[in-house]
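A.B. asks: As they're listed, the protein sequences go chains P and U. In terms of the numbering used here, the first sequence opens at residue 174 and continues consecutively. In terms of the numbering used here, the second sequence opens at residue 174 and continues consecutively. One structure is given below, represented as structure tokens, and several questions about it will come after.
There are 2 protein chains.
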Amino acid sequence: MTEINISQNEPIFPISTAAKLLNISVHTLRMYEREGLFIPYKKDSNQRSYSKADIERIECIRSAINESKISMNGIKTIYSLIPCWQVVKCSDDDRNKCESYNGHSKPCWTYRHPNTVCENKNCRMCDVYNNFSECHKVKELIKSISR
Amino acid sequence: MTEINISQNEPIFPISTAAKLLNISVHTLRMYEREGLFIPYKKDSNQRSYSKADIERIECIRSAINESKISMNGIKTIYSLIPCWQVVKCSDDDRNKCESYNGHSKPCWTYRHPNTVCENKNCRMCDVYNNFSECHKVKELIKSISR
DNA sequence: GAAAGTTGATATTTATAAATACTAACAATT
DNA sequence: AATTGTTAGTATTTATAAATATCAACTTTC
């Protein structure tokens with residue numbers, strides 16, 4: 174049980190292997206990252222490392238771009254609509270000063286969050302980042318908070 | 174007061190005038206319409222007619238496409254995330270059979286809604302369609318239902 | 001009833017997002 | 001210490017979304 178999760182989330186693939194698994198170029202992977210679509214693990218040496226969960230996430234992003242024809246800016250905007258404040262349960266005060274809560278163009282995990290509950294969080298480990306990478310999951314979350 | 178609203182919503186411009194006001198071609202307007210991004214008024218003769226509010230809505234769509242670089246499919250997906258069920262207050266039963274509630278690729282106003290509270294609604298007149306054409310308003314709505 | 005405008009539909013062009021190809025410096029692996 | 005892979009850049013190519021052009025039938029307007 175736990176073992177499965179560990180192997181899902183353990184960063185084991187270097188970027189070249191990830192690129193092969195996804196059938197895209199190394200550079201495309203870095204472009205997605207630069208755009209804030211995902212966050213790879215980084216080793217002390219600054220080299221990226223990808224888990225199986227990372228690969229699945231990126232497959233989902235690819236599908237949005239190539240099948241659903243949603244542009245990267247479109248995906249970022251959709252991510253920006255995730256009601257993260259409900260997931261991390263931040264305070265009213267935090268929300269007031271949160272760039273992500275008050276914006277609608279970039280995912281929350283692309284911002285720094287000085288002086289909020291998210292300040293010292295590792296977004297790569299956050300439920301907001303991990304649980305809502307797919308469109309239907311975003312909508313499910315919106316549904317769940319509205320009942 | 175009311176007068177202002179009437180003049181805002183009264184369909185008075187033929188498509189050629191709308192195109193000139195927006196500085197785009199007639200065909201582009203029809204393309205946006207075919208994609209379900211907006212719904213113009215139609216006269217008995219089947220000819221389209223645009224209000225000032227329609228023009229403003231389309232300016233917003235243009236900005237999303239040209240400045241924010243969100244593709245039309247991206248815009249449709251964002252519209253599909255509007256929690257319309259909260260606005261029209263449809264029943265659980267309605268939701269179960271609603272293609273829009275259960276999908277996440279097209280705005281609710283592009284579906285027929287047989288056997289639901291929306292069945293006989295004119296979407297062009299609906300708050301869902303009118304109040305949430307802009308991204309920040311969609312996010313505001315998501316915020317408001319989550320408190 | 002003639003002129004101007006609109007309809008839908010298809011074919012074509014244009015603009016640009018997405019992806020690739022370079023580079024030289026640095027890191028890892030053997 | 002030599003080979004292989006990674007890094008962050010910029011420059012270029014490719015794929016395709018967005019916009020335009022053209023058409024003949026129909027509608028409105030004066």
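Cβ coordinates follow ideal geometry from the N, Cα and C atoms, glycine included.
Three or more C-beta pairs closer than 8 Å, one from the region 202-217 of chain U and one from the region 276-295 of chain U: is that the case here?
C.D. replies: yes
A.B. asks: Go through its chain and collect everything with a Cβ distance to residue 244 of chain P's Cβ below 8 Å, but skip five positions before and after it.
C.D. replies: Cβ neighbours of residue 244 of chain P beyond the five flanking positions: 238.
A.B. asks: Assign residue 286 of chain U to one of two classes, buried (16 or more other C-beta atoms within 10 Å of its C-beta) or exposed (fewer than that).
C.D. replies: buried
A.B. asks: Of the residues P:314, P:302 and P:181, which one's Cα is nearest the Cα of residue 121 of chain P?
C.D. replies: There is simply no residue 121 of chain P to check, as chain P begins at 174 and stops at 320 in what is shown.
A.B. asks: Is it right to say residue 312 of chain U is buried, meaning 16 or more other beta carbons lie within 10 angstroms of its own, or is it exposed?
C.D. replies: buried
A.B. asks: I need the DSSP call for residue 284 of chain U, collapsed to helix, strand or coil.
C.D. replies: coil
A.B. asks: From residue 273 of chain P to residue 253 of chain P, what does the alpha carbon distance come to, in whole angstroms?
C.D. replies: If you take the alpha carbons of residue 273 of chain P and residue 253 of chain P, they lie about 7 Å apart.
A.B. asks: In this structure, does DSSP put residue 175 of chain U in helix, strand or coil?
C.D. replies: Low confidence applies here, because residue 175 of chain U scores a pLDDT of 46, under 50, leaving its location unreliable; read the following figure in that light. Correct three-state label for residue 175 of chain U: helix.
A.B. asks: If I measure Cβ to Cβ from residue 186 of chain U and keep anything under 6 Å in the same chain, skipping five residues before and after, which residues do I get?
C.D. replies: The answer, listed in chain order, is 223.
A.B. asks: To the nearest whole angstrom, what separates the beta carbons of residue 228 of chain U and residue 195 of chain U, a pair I think is in contact under 8 Å?
C.D. replies: 6 Å
A.B. asks: For residue 242 of chain U, name the three-state secondary structure that DSSP assigns.
C.D. replies: coil
A.B. asks: Buried or exposed: where does residue 174 of chain P fall if 16 or more other Cβ atoms within 10 Å of its Cβ makes it buried?
C.D. replies: Reliability of the predicted coordinates at residue 174 of chain P is poor, the pLDDT of 47 falling under 50, and no value is obtained from them.
A.B. asks: So is residue 306 of chain P buried or exposed if we call it buried at 16+ other beta carbons inside 10 Å?
C.D. replies: By the 10 Å Cβ count, residue 306 of chain P comes out buried.
A.B. asks: Could you check whether the Cβ of residue 174 of chain P sits closer than 9 Å to any Cβ belonging to chain U?
C.D. replies: Low local confidence applies: a pLDDT of 47 at residue 174 of chain P is under 50, so the model's placement there is unreliable, with the coordinate-based value given in what follows. Cβ-Cβ to chain U under 9 Å: no for residue 174 of chain P.
A.B. asks: Is the separation between the beta-carbon of residue 377 of chain U and that of residue 290 of chain U shorter than 9 Å?
C.D. replies: Outside the shown range of chain U (174 to 320) lies residue 377 of chain U, about which nothing can therefore be said.
A.B. asks: Name the DSSP bridge partner or partners of residue 249 of chain P?
C.D. replies: None; residue 249 of chain P has no bridge partner.
A.B. asks: So for residue 189 of chain P, helix, strand or coil by DSSP?
C.D. replies: helix
A.B. asks: Using the beta-carbon count (16 or more within 10 Å), is residue 275 of chain U buried or exposed?
C.D. replies: exposed
A.B. asks: Under 9 Å, Cβ to Cβ, is there at least one residue of chain U near residue 259 of chain P?
C.D. replies: yes
A.B. asks: Using a C-beta cutoff of 9 Å, does residue 247 of chain P count as contacting chain U?
C.D. replies: Yes - at least one Cβ of chain U is within 9 Å of the one on residue 247 of chain P.
A.B. asks: Excluding sequence positions up to five away, which residues of its chain have a Cβ less than 6 Å from the Cβ of residue 225 of chain P?
C.D. replies: For residue 225 of chain P, where only same-chain residues beyond five positions count, the Cβ hits under 6 Å are 181.
A.B. asks: Might you give, ordered along the chain, the residues of its own chain that have their beta carbon closer than 6 Å to the beta carbon of residue 177 of chain U, omitting 5 neighbours on each side?
C.D. replies: With a pLDDT of only 49 at residue 177 of chain U, under 50, the local geometry of the prediction cannot be trusted, and the value read off the model is given with reservation. So no residue of the chain qualifies.
A.B. asks: Since I believe residue 214 of chain P is in contact with residue 268 of chain P (beta carbons under 8 Å), could you give me their beta-carbon distance rounded to a whole number of angstroms?
C.D. replies: Not confirmed; about 29 Å, so no contact.
A.B. asks: Using the rule of at least 16 other Cβ atoms within 10 Å of the residue's Cβ for burial, across every protein chain shown, is residue 200 of chain P buried or exposed?
C.D. replies: exposed
A.B. asks: Within 9 Å (strictly less), CB to CB, does residue 199 of chain U reach chain P?
C.D. replies: no
A.B. asks: Kindly indicate which three-state DSSP category residue 215 of chain P falls into: helix, strand or coil?
C.D. replies: strand
A.B. asks: What is the DSSP secondary structure of residue 222 of chain P, counted as helix, strand or coil?
C.D. replies: strand
A.B. asks: Please classify residue 269 of chain U: does DSSP put it in a helix, a strand, or coil?
C.D. replies: helix
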